[in-house]
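The next block holds one structure in the form of structure tokens; read it before the comments.
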Amino acid sequence: MYKSSLVLEGGGMRGIYTAGVLDFFLEKDIGFETVIGVSAGACHACNFISKQKGRNYHVNTDYLKGSKYLSFRNLVKTKSAFGMEFIFDDIPNKLNLFDYDAFHNSKSQLITVSSNVETAEPFYRTIVNMYTDVDYIKSSISIPLLAPIVELDGRKLLDGGICDSIPIAYAQSLGYEKNVVILTRDPSYRKGKNNLMPLIRRSFKNYPKFIKAVENRHINYNNTLNLIDLLKRQKKVFVIQPKEEVKISQLEKNLDKLKGLYDQGYEDAKSSYDSLLEFLTQK
């Protein structure tokens, strides 16, 4: 267990890269005091903390052929492309059991990131009890236009990636001087403007601050990448990310592509192992 944070970017199905990295970490018994997960990264963090190697991969790939996991049918029926009940009830409690006890007994803490639709500010939530706090994970992965707003404790929440896609600054605010970040895009990637802004403006007309946040997301995202580059030079952050362009969409269902990206994550973590240990142990 290292006294540092692990920051996990989202990216929908591109998060299968993160699954590969985390499985290598589990093999080597690499743990972190705090794991901060955004959107898909929050989901992958759960199985990392419960130490269920391989579960992230199987949960993301075993059910793609049916419509219950990810489909346009879900979007029409429930206003969510991802089948939330299937993902957060059927799978962990019936099909591929989640180890709740291992999660609750872990010395690592999980913090998820959601976006407050009314204030357009990130909302950080420590997940203490997976039985009662699971809706905060749902809110973190609820992509605008592909999922409905999640209302919790008087807040209206959606995908954490809108307001804090890569919460490295938040990790620093917690006092962590060394942070490990897993990204799901290659080093050359820079985010562009959202092409769906007309639809966003129409769908969220009652939430002007949120519309502005979506408009500016690419600016904030790219500024965060610039911060990470600076922190890398200062040896305050260690980054693992794909070396080349990731040609997989948020809603990818091609199993061969997903397996390839998972393997890439595993191999990238493996090749980074010695330098990662040096980073984590050096004073």
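Under full-length UniProt numbering, the first residue of the sequence shown carries the number 1, and numbering increases by one thereafter. Each residue gets a CB set at the ideal place from its N, CA and C atoms; glycine is no exception.
Sort the options by Cα distance to residue i and report the nearest one.
{"i": "G54", "options": "S203, M13, V38, E27", "result": "E27"}
{"i": "S249", "options": "V128, R185, F32", "result": "R185"}
{"i": "C43", "options": "K65, K68, M84", "result": "M84"}
{"i": "S139", "options": "M130, V150, Y131", "result": "V150"}
{"i": "V21", "options": "L277, A171, L261, T281", "result": "L261"}
{"i": "F72", "options": "N105, P187, L145, K51", "result": "L145"}
{"i": "N222", "options": "R190, F98, R201, E245", "result": "R190"}
{"i": "R155", "options": "P122, N129, G175", "result": "P122"}
{"i": "N116", "options": "L276, P92, N254, K209", "result": "K209"}
{"i": "I91", "options": "N105, K65, N60, L110", "result": "N60"}
{"i": "V246", "options": "S188, Y63, Y170, L95", "result": "S188"}
{"i": "S50", "options": "D29, D62, S39", "result": "D29"}
Starting from residue i and walking both ways along the beta strand (DSSP E), at which residues does that stretch end?
{"i": "Y124", "result": "122-127"}
{"i": "N222", "result": "Not the beta strand (DSSP E): N222 falls in the alpha helix (DSSP H), residues 217-233."}
{"i": "Y170", "result": "Looking at the DSSP string, Y170 is not in any beta strand (DSSP E); the run it does join, the alpha helix (DSSP H), is 168-173."}
{"i": "F238", "result": "237-240"}
{"i": "L75", "result": "That residue, L75, is in no beta strand (DSSP E); its alpha helix (DSSP H) goes 72-78."}
{"i": "Y131", "result": "Here Y131 belongs to no beta strand (DSSP E), and DSSP marks it neither H nor E."}
{"i": "N179", "result": "179-182"}
{"i": "V150", "result": "150-152"}
{"i": "K3", "result": "2-8"}
Does the Cβ of residue i have 16 or more other Cβ atoms within 10 Å, making it buried, or fewer, making it exposed?
{"i": "T34", "result": "buried"}
{"i": "I141", "result": "buried"}
{"i": "Q282", "result": "exposed"}
{"i": "E177", "result": "exposed"}
{"i": "I219", "result": "exposed"}
{"i": "G192", "result": "exposed"}
{"i": "L70", "result": "buried"}
{"i": "Q234", "result": "exposed"}
{"i": "D164", "result": "buried"}
{"i": "G41", "result": "buried"}
{"i": "S173", "result": "exposed"}
{"i": "E252", "result": "buried"}
{"i": "A81", "result": "buried"}
{"i": "M197", "result": "exposed"}
{"i": "L97", "result": "exposed"}
{"i": "L276", "result": "buried"}
{"i": "R202", "result": "exposed"}
{"i": "Y207", "result": "buried"}
{"i": "L6", "result": "buried"}
{"i": "A19", "result": "buried"}
Pop quiz: residue i and residue j are said to be a contact at Cβ under 8 Å. What is the actual Cβ separation, rounded to whole angstroms?
{"i": "I127", "j": "D133", "result": "5 Å"}
{"i": "S108", "j": "L157", "result": "Not quite, the Cβ-Cβ distance comes to about 23 Å (not below 8 Å), so this is no contact."}
{"i": "V120", "j": "K212", "result": "One point to set straight first is that residue 120 is Ala, not Val, in the sequence displayed. That pair is a contact at about 6 Å."}
{"i": "I48", "j": "F25", "result": "Contrary to the premise, residue 48 reads as Phe rather than Ile in this sequence. That pair is a contact at about 7 Å."}
{"i": "T224", "j": "I166", "result": "5 Å"}
{"i": "G31", "j": "Y2", "result": "7 Å"}
Start and end of the alpha helix (DSSP H) containing residue i?
{"i": "E33", "result": "Premise fails: E33 lies in the beta strand (DSSP E), 32-38, not in any alpha helix (DSSP H)."}
{"i": "F204", "result": "Premise fails: F204 is in no alpha helix (DSSP H) and is neither H nor E."}
{"i": "T18", "result": "16-27"}
{"i": "R155", "result": "That residue, R155, is in no alpha helix (DSSP H); its beta strand (DSSP E) goes 155-159."}
{"i": "Y262", "result": "255-281"}
{"i": "N116", "result": "Note, N116: premise wrong, no alpha helix (DSSP H); beta strand (DSSP E) at 109-116."}
{"i": "N56", "result": "55-61"}
{"i": "N105", "result": "100-105"}
Would the beta-carbon of residue i be found less than 7 Å away from any heavy atom of the ligand GTP?
{"i": "Q250", "result": "This structure simply doesn't include the ligand GTP, nor any ligand for that matter."}
Just checking, does the region 42-61 make contact with the region 14-24 on the three C-beta pairs under 8 Å criterion? The region 42-61, when compared against the region 14-24, does touch it at the 8 Å Cβ threshold.
Count the C-beta pairs between the region 264-271 and the region 234-247 that are closer than 8 Å, then say yes if the count reaches three, no if not. yes
Check whether the region 1-12 touches the region 158-175, counting contact only when three or more Cβ pairs, one atom from each stretch, lie closer than 8 Å. yes
Three or more beta-carbon pairs under 8 Å between the region 175-192 and the region 217-229, yes or no? The region 175-192, when compared against the region 217-229, does touch it at the 8 Å Cβ threshold.
Closer than 8 Å is the cut-off here; do at least three beta carbon pairs connect the region 268-277 with the region 204-221? Touching, no, given that fewer than three Cβ pairs across the two stretches are closer than 8 Å.
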